[in-house]
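Visitor:
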Amino acid sequence: AACGGGGGGGGGGWSATSVTQTDQGDFFVKTARRPAKAMFEGEALGLRALGAAGGVKVPTVHHFGDDGAGGSYIIMEKLNIGGRPDMQAFGRAMAQMHLADPEDPNAKKGMFGFAVDNTIGGTPQLNPWTDDWVTFFREHRIGYQVKRAGRPELTAIWSKVLDKTDGLRTLFTDGPIRPSVLHGDLWTGNYGGSPEGAAIFDPAAYYGHHEAEWGMSWCASFGEDFWEGYREVIPEAPLFRKREPLYEAYHKLNHYNLFGGGYLGDAEYLLRQLTFD
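So in my numbering, the last one in the sequence shown is 277, and the numbering has no gaps at all.
1. Go ahead and pull the three-state DSSP assignment for Ile-142.
2. Exposed or buried, which one is Arg-241 when buried takes at least 16 other CB atoms within 10 Å?
3. Helix, strand or coil for Glu-77, going by three-state DSSP, please let me know.
4. Taking 7 angstroms as the threshold (C-beta atoms), are Phe-136 and Met-76 in contact?
5. Which residues in the same chain as Ala-95 place their Cβ atom closer than 6 angstroms to its Cβ, once the five residues preceding and following it in sequence are excluded?
6. Mapping the DSSP letters down to three states, classify Leu-126 as helix, strand or coil.
7. Going by DSSP, name the residue or residues bridged to Asn-118.
8. Out of Thr-188, Asn-254 and His-209, which has the shortest C-alpha to C-alpha gap to Phe-222?
9. With distances taken between CB atoms, is the gap from Ala-49 to Val-181 smaller than 7 angstroms?
10. Does the Cβ of His-63 have 16 or more other Cβ atoms within 10 Å, making it buried, or fewer, making it exposed?
11. Return the chain-ordered list of same chain residues with a C-beta closer than 7 angstroms to the C-beta of Leu-126, the five sequence neighbours on each side being excluded.
12. Is the number of C-beta pairs between the region 72 to 92 and the region 26 to 40 that are closer than 8 angstroms three or more?
13. If you follow the alpha helix (DSSP H) that Leu-258 is in, where does it begin and where does it stop?
14. Pick out the complete beta strand (DSSP E) segments inside the region 167 to 204, 3 residues or longer, and give them in chain order.
15. Count the other CB atoms within 10 Å of the CB of Tyr-206; is the residue buried (16 or more) or exposed (fewer)?
16. For my contact list, Ile-120 and Ala-204 are in at a C-beta cut-off of 8 angstroms; report their separation, rounded to the angstrom.
17. So what does DSSP say about Ser-18, is it helix, strand or coil?
18. Tell me whether Gly-7 sits in a helix, a strand or coil according to DSSP, three-state version.
19. Using 8 angstroms for Cβ pairs, my map puts Arg-33 next to Gly-70. What's the rounded Cβ distance?
20. Between the Cα of Trp-227 and the Cα atoms of Lys-37, Ala-89, Gly-54 and Thr-17, which residue gives the shortest distance?
21. With distances taken between CB atoms, is the gap from Gly-197 to Arg-84 smaller than 7 angstroms?
22. Once the 5 residues before and after Asp-225 are set aside, which same chain residues still bring their CB inside 6 angstroms of it?
23. Please report the straight-line C-alpha distance between Asn-106 and Phe-114, rounded to a whole angstrom.
24. Per DSSP, what kind of secondary structure is Ser-159 in: helix, strand or coil?
25. Just the Cα atoms here: how many angstroms apart are Ile-200 and Asn-190?
26. Tell me, which residues are paired with Ser-72 by DSSP?
27. To the nearest angstrom, how far is it from the Cα of Ala-212 to the Cα of Ala-16?
28. Is the Cβ-Cβ distance between Asp-174 and Ala-237 less than 7 angstroms?
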């Protein structure tokens, strides 16, 4: 299937973008025909949470709101994006971001979710605070996408996965999981080089298991240098490879629910891998 991101916070085809030049500097502006609560609140709060974690450059959000005519806007710092970043440094920076103490008090207490629901492309992303990662990901991430797809064979495969893995729990027996702030939709279209180092933008942010960040790796061109940098800071967990298909299947199902096509077969293939010993 073709590569493309979900388009986190109203980015991509879900909003219009422009650059506004002023005597105070240049600003990047997005506008949409839907209210800010639906379009840009999640993106603004997500960027602020990512920025608070540090490590990676994130555009500063100056303002977001409704335009008085049923639409909305967000005004942020214009990044000078050009080319690929130093990938090893980018890997280290992402690991530092994932290890940062969460800004949100609920995440500080060990809960998973986010302050508001947001979107991944045109798909709602539900973020109720949940004290158990496996429950959160099963119910509010991949299980939600399975239900949205409404395909009987997919549903049957998903039921088999749940039976085989004790509701996904046997995939997570290699240690405790703490909440990390996640970009949530990290692919080649949502990162780049800047004068201040690697920059990330257009998030679908929430607090989750740091490994869930890599569900779009099939579309991210990270390469060996990136992983070398990341693993210098966060070593690979024993069951990382076993969980990889689960996290990729979430994004493949989201792509199917947005765009249709071969993503369904990809997701079914990935989920079947979770039923093998």
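In this text, a Cβ means the ideal position worked out from N, Cα and C, and glycines have one as well.
Guide: Let me lay it out:
1. helix
2. exposed
3. strand
4. no
5. Tyr-230, Val-233 and Ile-234
6. coil
7. Gln-125
8. Thr-188
9. yes
10. exposed
11. Asp-117, His-140 and Tyr-144
12. yes
13. 240 to 259
14. 180 to 182
15. buried
16. 4 angstroms
17. strand
18. Note on Gly-7: pLDDT 46, under 50, position unreliable in the model; no value is reported.
19. 7 angstroms
20. Ala-89
21. no
22. Met-87 and Gln-88
23. 8 angstroms
24. helix
25. 6 angstroms
26. Ala-32 and Asp-66
27. 28 angstroms
28. yes
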